[in-house]
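Trainee:
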Amino acid sequence: MARSTVRAVLLGAPGSGKGTQAELLARSLEIPAISTGEMLRLAVSQGTELGDRVKGTMASGGLVDDGLMSEVVRERLTLDDARGGFLLDGYPRTIQQAATLDSLLERDGGALNAVVLLEVPEGVLVRRAVARRRADDREEVVRERLRVYHEKTEPLVEHYERRGLLRRVDGNREIGDVTAGILVALRG
Ligand code: AMP
């Protein structure tokens, strides 16, 4: 029996476990996990032109410009492996990016079919992020990333709820339980 195509976004604050879950789900669903944060970190570590442009913004906890991000995502979504579905991790992060994503997908005839919100209490987020200690995870940067999330990204929750796409999943559980919860949410 053919499985229905998953074209989904994982939404959640920094430290909510989106990246980990996207990887696990990608393996189980056999579709790519597209992480814009990973793509940008790779560009920075390789010293590409894109990397040089985004390095400072990333280090400060801010958001890379929407126009630049739309180029990155457009190129990635046109690769062959994204035809059978995808999980986006870290994109969209603004209302403008959500609109861009809609128009990119509309062109290919495959609209989003789910947006999963990973819910994790704020105190847990800060503890997790500080424990993770990436270069951009100093405590003040962690707080800035959370502030930016609340200001720019959280409005997407209502945006997708209005469209009937939002599925809320408790992200404050064992990793495997969260994965199972998301798989149920994607089916629903
Ligand atoms: P992440 O690993 O998803 O938390 O992303 C790490 C950093 O990359 C973010 O703090 C932003 O500076 C940048 N970034 C990743 N995705 C986006 C996006 N969709 N829009 C703007 N900036 C992004």
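If you're matching positions, the sequence shown starts at 47 in my numbering and goes up one per residue.
By construction, the Cβ of each residue, glycine as well, lies at the ideal position given by its N, Cα and C atoms.
1) Using the rule of at least 16 other Cβ atoms within 10 Å of the residue's Cβ for burial, across every protein chain shown, is Ala-48 buried or exposed?
2) Does Arg-122 get closer than 7 Å to chain C when you measure Cβ to Cβ?
3) Compute the minimum distance between the beta carbon of Tyr-206 and the heavy atoms of ligand 1, and state whether it is under 6 Å.
4) Do three or more CB pairs link the region 73-92 to the region 199-218 at distances below 8 Å?
5) Determine whether the beta carbon atoms of Leu-16 and Arg-120 lie at a separation below 7 Å.
6) Given that a residue counts as buried once 16 or more other Cβ atoms are within 10 Å of its Cβ, and exposed if not, what is Leu-123?
7) What separation, rounded to the nearest whole angstrom, lies between the Cα atoms of Arg-53 and Arg-214?
8) Identify whether Ala-54 lies in helix, strand or coil by the three-state DSSP scheme.
9) Just to confirm my understanding: we take Asp-148, look at its own chain, exclude 5 residues before and 5 after, and list those with CB closer than 8 Å. What are they?
10) Out of His-205, Gly-155, Tyr-195, Val-161, point me to the one whose CA is closest to Val-172's CA.
11) Taking 8 Å as the cut-off, does the region 62-75 touch the region 124-141 (at least 3 CB pairs, one atom from each stretch)?
12) So for Glu-301, helix, strand or coil by DSSP?
13) Could you give the DSSP three-state label for Ile-80: helix, strand or coil?
14) From Asp-223 to Val-230, what does the alpha carbon distance come to, in whole angstroms?
15) Consult DSSP for Arg-174 and reduce its assignment to one of helix, strand or coil.
Mentor: Looking at the atomic coordinates:
1) Per-residue confidence for Ala-48 stands at a pLDDT of 45, beneath the threshold of 50, marking its modelled position as unreliable; no derived number is given.
2) No chain C appears in this structure, which consists of one protein chain only.
3) no
4) no
5) As displayed, the chain neither begins before 47 nor continues past 234, which places residue 16 out of reach and without an answer.
6) Buried, since its Cβ has 16 or more Cβ neighbours within 10 Å.
7) 16 Å
8) strand
9) Ala-157, Leu-158
10) Tyr-195
11) yes
12) As shown, the chain starts at 47 and ends at 234. That puts residue 301 outside it, with no answer to give.
13) strand
14) 11 Å
15) helix
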